[in-house]
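Chains as they are written, first to last, in this note's numbering: chain A, 515 to 645; chain B, 3 to 255; chain C, -9 to 121. C-beta atoms are modelled at their ideal positions from N, C-alpha and C, and glycine is treated no differently. Below: the structure, in structure tokens.
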Amino acid sequence: MATRTEEDFTEATRRRRRPRPTFAWVAQVVSGVLLLVLLTAHMVAQHFVVEGGLRTYDQVIAWIRNPVVFAVEALLLVCVTWHGIAGVHAVLLDLGLRGRAERIVARVLLDLAVATILYGLWLLYMLAFRG
Amino acid sequence: MSSPRTVLLKVFRYGPDDAAPRYDQFRVPAGPRTTVLDALLAIQRRQDPSLSVRHSCLHGSCGTCGMRVNGREVLACVTRLDGLGDAVVVEPLAGAAVAGDLVVDMEHVYRRLEPVGRPLLRASERAGPDGAEAAAAPGTVPVLEELERFEDCIECGLCLSACPVAGDPRFLGPAALAAAERVLEEPRGTDGRAVLGLVDDAHGAWRCHAAFECSAVCPAGVDPGGAIMRLRRRLLADRLPRLVGRYHQEVPS
Amino acid sequence: MMRAGLRRGDKRRLVPRWLDPHGRHLGTWAFVANRLTGLGLVVYLYLHLVILSTLLRGPEAWDGLVELFRRPVFLAFDVLLVAGLAFHGFNGLRVALVGSGLLVDRHKALLVAAGTLVGLVTLVAAVRIVG
């Protein structure tokens, strides 16, 4: 019954230099915790402060022009897109993706995340400055 | 005198000559203490000698008779039919190649444990200083007398079958990760940093989704789920300071 | 790698392994629920962004939409949304803690606590939304 030698272990460690999976986990935790705060604030501020719970067009524009609101909504957008897309990635990974399919899916998801954030920021800008 | 009740067993059948798996039904007498393995062996003896079943110790310590009963991973020799209902579904462990009927190839368990260095057997202090050093020296084959089993894990494979993720052969899986955590808790001459590097992988400790199904089915009290989380804590404690600093990890010389 | 005589045992899977409920315990249910709420929320995110784009079409379009969203069926959906969000958030916090190696032995108790919070939040939201 042979045991693995130290050289085999060292080689395995060298191949795993960058702590990317740790970073992915930390990012998911941090974004998740931020979302707990931001989404609660978002839900309360959007729906439980205004009379009737939903803002009319004029109320939305007035609201989004507030720089603090704008910043929070932008941060919320980035966090929720990152957290959500990373989550979808985990689900797809468990379907057994490997090799080329895995790389393609990762790339598509990254592009989707970037596109979503850009679109959301553009929408915020249009409402705050051109509404 | 009441006649013993009978239980209907729906047993997974898949042999080398079969085109596809099927479920055969067998009715077996069942007393209050009849186990699933008792019933399967009775089927083998009296109804269908072609049924393939594997077992050894008959008391839950060898891990040979692992299978799924009504979808849940158990050791058949210690699982009573009483309380499982009138119809019981018996299937082999999930995610493993079927050698025949309920017998699976356990290779998927052993090949995952291998890279962790099989810490389930490690140098015994009783072997003396030479014995311990011989076991840790690279490129040597330790002698059996120098090794002792220090672990609870009986390598039964129930955890790998129960895990919602372990269908992916790349995932190290609960048994191997729990073994890795044991190495880090009690190195006894094994290189801890190398093991840490091995599990710090997208398909290592980070692939687990904290379902704890492994811990729920483990018959030996290993708690692999808990072990994986403790592994992650070690990784975070080790990697987090570096994340804010440099990315480059030094390999100890 | 299969030797001669070894066969694949699993039947063709219609659903991925993590969705198979047979014989599973509480921890797996929590994991499945987290996944399903997460996927649902991602779908909702994009639905939400599409709906918000109506703001670009001006006050008439948006205010009309607001009237639509005051209907009971949409209010009921809103309560469902809050419940899903609450579960994913509170259970997610549990996963963040346990998955980082903290309070691991209490993961079941944490699930009960999370469930209680979800019930409370959903109740408060239901009263505010429908009331």
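Please confirm whether residue i has its beta-carbon closer than 7 Å to some beta-carbon of chain B.
i: His12/C; result: yes
i: Leu637/A; result: no
i: Thr570/A; result: no
i: Pro581/A; result: no
i: Trp596/A; result: no
i: Trp52/C; result: no
i: Leu609/A; result: no
i: Thr630/A; result: no
i: Val56/C; result: no
i: Gly634/A; result: no
i: Val85/C; result: yes
i: Arg7/C; result: yes
Could you tell me the distance, in whole angstroms, from the CA atom of residue i to the CA atom of residue j?
i: Leu31/C; j: Val40/C; result: 14 Å
i: Thr630/A; j: Thr595/A; result: 7 Å
i: Gly65/B; j: Val224/B; result: 13 Å
i: Glu93/B; j: Cys165/B; result: 16 Å
i: Leu635/A; j: Ala588/A; result: 7 Å
i: Gly85/B; j: His61/B; result: 19 Å
i: Ala642/A; j: Val85/C; result: 37 Å
i: Phe14/B; j: Gly73/B; result: 12 Å
i: Arg241/B; j: Val33/C; result: 34 Å
i: Arg172/B; j: Leu609/A; result: 12 Å
i: Pro6/C; j: Gly48/C; result: 44 Å
i: Gly17/B; j: Ala222/B; result: 30 Å
i: Leu42/C; j: Glu215/B; result: 41 Å
i: Pro176/B; j: Pro226/B; result: 5 Å
i: Arg56/B; j: Asp50/B; result: 15 Å
i: Tyr633/A; j: Gly546/A; result: 22 Å
i: Cys220/B; j: Val118/B; result: 20 Å
i: Val622/A; j: Leu591/A; result: 19 Å
i: Thr570/A; j: Gly613/A; result: 49 Å
i: Leu637/A; j: Val586/A; result: 14 Å
i: Leu10/B; j: Leu553/A; result: 53 Å
i: Ala96/B; j: Tyr25/B; result: 16 Å
i: Ala555/A; j: Leu179/B; result: 39 Å
i: Val551/A; j: Leu83/C; result: 12 Å
i: Leu233/B; j: Arg644/A; result: 52 Å
Between residue i and chain A, is there a C-beta pair that is closer than 7 Å?
i: Arg241/B; result: yes
i: Ala204/B; result: yes
i: Pro49/C; result: yes
i: Phe64/C; result: no
i: Val32/C; result: yes
i: Leu233/B; result: no
i: Arg128/B; result: At Arg128/B the pLDDT is 48, less than 50, meaning the model places this residue with poor confidence; the figure from the coordinates comes in the next sentence. For Arg128/B, the answer is no, since every Cβ of chain A falls outside 7 Å of its Cβ.
i: Leu237/B; result: yes
i: Phe59/C; result: yes
i: Gly82/C; result: yes
i: Gly74/C; result: no
i: Leu37/C; result: no
Under a CB-based cut-off of 7 Å, is residue i close to chain C?
i: Gly613/A; result: no
i: Leu552/A; result: no
i: Ala218/B; result: yes
i: Ala136/B; result: Note that Ala136/B scores a pLDDT of 46, beneath 50, so its modelled location is shaky and nothing firm can be said.
i: Asp522/A; result: A caution first: Asp522/A carries a pLDDT of 46, below 50, which makes its placement in the model too unreliable to give a value.
i: His110/B; result: no
i: Leu641/A; result: yes
i: Val563/A; result: no
i: Glu215/B; result: yes
i: Gly228/B; result: yes
i: Ala212/B; result: yes
i: Val602/A; result: yes
How about residue i: is its Cβ closer than 6 Å to a heavy atom in the ligand FMN?
i: Val40/C; result: The ligand FMN is absent from the structure shown, which contains no ligand whatsoever.
- Item | Validate contact between the region 576 to 584 of chain A and the region 620 to 627 of chain A using beta carbons, cut 8 Å, 3 pairs | Segments in contact, no.
- Item | Stretch-stretch touch, CB-based, cutoff 8 Å, three pairs: the region 74 to 81 of chain C with the region 101 to 117 of chain C | Contact between the region 74 to 81 of chain C and the region 101 to 117 of chain C is present, because at least three Cβ pairs lie under 8 Å.
- Does the region 55 to 72 of chain C come within contact of the region 200 to 211 of chain B, defined as at least 3 CB pairs closer than 8 Å? Segment contact: the region 55 to 72 of chain C against the region 200 to 211 of chain B, fewer than three CB-CB distances shorter than 8 Å; contact not assigned.
- Query: Which residues, in chain order, does the region 14 to 30 of chain C contribute to contact with chain A at a C-beta distance below 7 Å?
  - Reply: Close to chain A, meaning a Cβ-Cβ distance shorter than 7 Å, are the following residues of the region 14 to 30 of chain C: Arg25, Gly28 and Leu29.
- Item | Residues within the region 87 to 110 of chain C neighbouring chain B, beta-carbon criterion of under 8 Å | Answer set for the region 87 to 110 of chain C: Val88, Gly89, Ser90, Gly91, Leu92, Val94, Asp95 and His97.
- Taking three-plus beta-carbon pairs below 8 Å as touching, is the region 14 to 32 of chain C in contact with the region 210 to 224 of chain B? In this structure the region 14 to 32 of chain C lies against the region 210 to 224 of chain B, because at least three pairs of beta carbons, one per stretch, are closer than 8 Å.
- Mind listing, in chain order, the continuous alpha helix (DSSP H) runs of no fewer than 4 residues lying wholly within the region 158 to 198 of chain B? The DSSP assignment places 160 to 164 and 175 to 187 as complete runs of the alpha helix (DSSP H) inside the region 158 to 198 of chain B, in order along the chain (cut-off: 4 residues).
- Name, going along the chain, the residues of the region 163 to 194 of chain B whose beta-carbon falls closer than 8 Å to a beta-carbon of chain A. Taking 8 Å as the Cβ-Cβ cut-off against chain A, the residues of the region 163 to 194 of chain B that qualify are Pro166, Val167, Gly169, Asp170, Arg172 and Asp193.
- beta strand (DSSP E) runs wholly inside the region 3 to 47 of chain C, at least 3 long, in chain order: Runs of the beta strand (DSSP E) inside the region 3 to 47 of chain C: none found.
- Just checking, does the region 31 to 39 of chain B make contact with the region 68 to 83 of chain B on the three C-beta pairs under 8 Å criterion? At 8 Å Cβ cutoff, the stretches touch.
- Message: Going residue by residue through the region 199 to 236 of chain B, where are the continuous alpha helix (DSSP H) segments of at least 4 residues, counting only ones entirely within it?
- Response: Counting only runs of 4+ residues, the alpha helix (DSSP H) found wholly inside the region 199 to 236 of chain B occupies 215 to 219, in chain order.
- Query: Which residues, in chain order, does the region 41 to 74 of chain B contribute to contact with chain C at a C-beta distance below 9 Å?
  - Reply: Correct list: Arg70, Val71, Asn72, Gly73 and Arg74.
- What residue ranges within the region 42 to 116 of chain C form continuous beta strand (DSSP E) runs of no fewer than 3 residues, ordered along the chain? DSSP runs (the beta strand (DSSP E)) wholly in the region 42 to 116 of chain C: none.
- Between the region 536 to 560 of chain A and chain B, which residues of the former have CB atoms less than 9 Å from a CB of the latter, in chain order? Residues are counted here when their Cβ sits less than 9 Å from a Cβ of chain B; for the region 536 to 560 of chain A these are Thr536, Phe537, Ala538, Trp539 and Val540, given in chain order.
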